[in-house]
Amino acid sequence: IIYNPALAIPFILAPMVTATIYYVANSLNFIKPIIAQVPWPTPVGIGAFLGTADLRAVLVALVCAFAAFLVYLPFIRVYDQKLVKEEQGI
Numbered sequence: 253i254i255y256n257p258a259l260a261i262p263f264i265l266a267p268m269v270t271a272t273i274y275y276v277a278n279s280l281n282f283i284k285p286i287i288a289q290v291p292w293p294t295p296v297g298i299g300a301f302l303g304t305a306d307l308r309a310v311l312v313a314l315v316c317a318f319a320a321f322l323v324y325l326p327f328i329r330v331y332d333q334k335l336v337k338e339e340q341g342i
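Numbering (the working numbering), first residue to last: 253 to 342.
Shown next as structure tokens:
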């Protein structure tokens, strides 16, 4: 990511988008506050549930993961097209 400017933008943008989604969900009291510290490698939905004991947190976590996917998708496509052109020698 550091040496790849095509992926540096979503690397910075995706956490900002997901933090905003979480902040809105939390400030609207859609999810309960975090009550337990969960290790970082815990899978997305499971970690959200264990940390809050709220099934709606699983939904917010999945929405955040999908939002991050949508942020990365156009940049990955551009990067893939660039690599295809390099492979073809264009």
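No residue lacks a Cβ here, since even glycine has one placed at the ideal position from N, Cα and C.
So what's residue i in DSSP terms, helix, strand or just coil?
i: Asn281; result: coil
i: Pro293; result: coil
i: Gly299; result: helix
i: Ile287; result: coil
i: Tyr331; result: helix
i: Ala305; result: coil
Please report the distance separating the alpha-carbon of residue i from that of residue j.
i: Tyr275; j: Met268; result: 10 Å
i: Gly299; j: Lys337; result: 40 Å
i: Arg308; j: Leu302; result: 12 Å
i: Ala288; j: Leu259; result: 33 Å
i: Trp292; j: Lys284; result: 19 Å
i: Leu329; j: Leu335; result: Residue identity differs from the one stated: residue 329 is Arg in this sequence, not Leu. Taking the straight line joining both Cα atoms gives about 10 Å.
i: Gly341; j: Gln333; result: 12 Å
i: Phe282; j: Asp306; result: 10 Å
At least three beta-carbon pairs within less than 8 Å, the stretch 320 to 338 to the stretch 255 to 266: yes
Inter-stretch contact at 8 Å, needing at least 3 Cβ pairs: the stretch 305 to 312 / the stretch 276 to 284: yes
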